[in-house]
Amino acid sequence: MTSIREELWQARELLVNFAISDIKVRYRNSVLGILWSLLEPLLLLGVLYFVFSTMFKIEIPNFPIYLLLGIICWNFFRNGTSIALNSLTNRSSLMTQIYFPRVVPSLSAGITSSITLIFELVILGVFMAAFQFMPTPTIILLIPILVLELVLILGIALPLSVLNVKFKDTEFIWGVVISAGFFLTPIFYQFNMLPDYIQNVLQFSPMVQIVTMSHHVVLYGTLPSINSILYAIFSISIISIIGYAIFRKYQIRIVEEM
Numbered sequence: 032m033t034s035i036r037e038e039l040w041q042a043r044e045l046l047v048n049f050a051i052s053d054i055k056v057r058y059r060n061s062v063l064g065i066l067w068s069l070l071e072p073l074l075l076l077g078v079l080y081f082v083f084s085t086m087f088k089i090e091i092p093n094f095p096i097y098l099l100l101g102i103i104c105w106n107f108f109r110n111g112t113s114i115a116l117n118s119l120t121n122r123s124s125l126m127t128q129i130y131f132p133r134v135v136p137s138l139s140a141g142i143t144s145s146i147t148l149i150f151e152l153v154i155l156g157v158f159m160a161a162f163q164f165m166p167t168p169t170i171i172l173l174i175p176i177l178v179l180e181l182v183l184i185l186g187i188a189l190p191l192s193v194l195n196v197k198f199k200d201t202e203f204i205w206g207v208v209i210s211a212g213f214f215l216t217p218i219f220y221q222f223n224m225l226p227d228y229i230q231n232v233l234q235f236s237p238m239v240q241i242v243t244m245s246h247h248v249v250l251y252g253t254l255p256s257i258n259s260i261l262y263a264i265f266s267i268s269i270i271s272i273i274g275y276a277i278f279r280k281y282q283i284r285i286v287e288e289m
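Residues 32 to 289, numbered by the numbering used here, are exactly what the sequence shown covers, in order.
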C-alpha cells in the first residue's frame, strides 16, 4: 500500500504546477502582475503608517520596519489560508478526471504564499537599508519562526479546503476571521499596549506569538522566551493534528460533494 509520503513524492511535479498556477490565476489580467505582491504590503504600510503615526500618535521605535514586518507575517498567513480555501473547489473538474493526493492543492497554497513571502522579505531588507537599521544576529531566528508559521498555515489550510467543499459558508466565515485577526494581532501596536484582560486572552493566539517573536528577533535583538516558544510549538502542533483529522474525515467524499 502506497504511503502518503510516497504519493506526495510521485505528485511533486503536480504540486509545483499547482503552486505556479495559483500565482498566475491570482495576478491574471493584472497590469503589474506579480509586482502586486510587492506593492500591496507597501500600500498598506503607507496607509497604516499615516493613520497610526500621524492621527493616533503611536510611538514605537523603528515603526515603519515594525509595521512592515507585522504586515508581512500576516500576509503570509492570510495568503496561504485564503488560497487553500478554494484550492479544491477550483480544481473540481480536474479531480473528477484524474487521481492525485487530496492534500496537494492545500500544500501548493503553502508554496505559493512562501514564494510571495520571499518577495516581501526582500522589500523588508530594502526598508532596513533605507532607514539605516542594522539588525542583530538574532534576525536569523526569523527563519524558523516563519517555518513554524508555515506549519500553522498548512494545519489550517487542510481543513479549510475540505470544509469549503462541504459547507459553502466557510469562505465567508473565514473572511471575517481574517479581518478580525488582523486587528487582534500586534501588527501596528505593541502587545503590552493592550489592557491586561485582553492580553490574557490574545496571548493564546499562535499568530500573536509568531508576530511578537518576529518583532523581538528582528528589531530588538532579544530571544523569545522559552514559554513563548513552547506554547507556539504546542498550539500549532495541536491545530495541525486537529486540522489533519478533519481533512481525513471529509476528504473521502470530496468529489461527491462537488
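Just so it is clear, CB atoms sit at the ideal spot from N, CA and C, and this is done for glycine as well.
Boundaries (first-last residue) of the alpha helix (DSSP H) holding residue i
i	result
LEU183	173-197
TYR16	Past the boundaries of the shown model lies residue 16; the chain is included only from 32 to 289, so the question cannot be answered.
GLU151	135-161
LEU125	123-126
Beta-carbon proximity list for residue i, same chain, < 6 Å, skipping 5 on both sides
i	result
THR253	HIS247
THR201	LEU194 and ASN195
Cβ neighbours of residue i in the same chain (closer than 7 Å, five flanking residues each side left out)
i	result
LEU181	GLY141 and SER145
PRO72	LEU99, ILE102, ILE103, ASN106, GLU151 and ILE154
ARG122	PRO136
Beta carbon of residue i nearer than 8 Å to that of residue j
i	j	result
ILE103	LEU152	yes
ILE270	ILE187	yes
GLY111	ILE184	yes
TRP105	PHE213	yes
LEU76	PHE150	no
GLN230	PHE219	no
PHE244	PHE108	Residue 244 is actually Met in this sequence, not Phe. Against a cut-off of 8 Å, the Cβ pair of PHE108 and MET244 comes out as no contact.
PHE158	PRO95	yes
PHE242	PRO217	Here the sequence assigns Val to residue 242, which means Phe is not the residue at that position. Yes. Within cutoff.
PHE131	LEU189	no
ALA263	GLN240	yes
Cβ distance (whole Å) where residue i is taken to contact residue j below 8 Å
i	j	result
LEU191	LEU116	5 Å
GLN282	VAL207	About 25 Å; that fails the 8 Å criterion.
ASN93	PHE198	About 43 Å; that fails the 8 Å criterion.
PHE83	ILE89	5 Å
Residues of its chain near residue i, where Cβ-Cβ distance is below 8 Å and the 5 sequence neighbours each way are ignored
i	result
LEU46	LEU39, VAL135, LEU138, SER139 and ILE142
query: What residue ranges within the region 185-259 form continuous beta strand (DSSP E) runs of no fewer than 3 residues, ordered along the chain?
result: none
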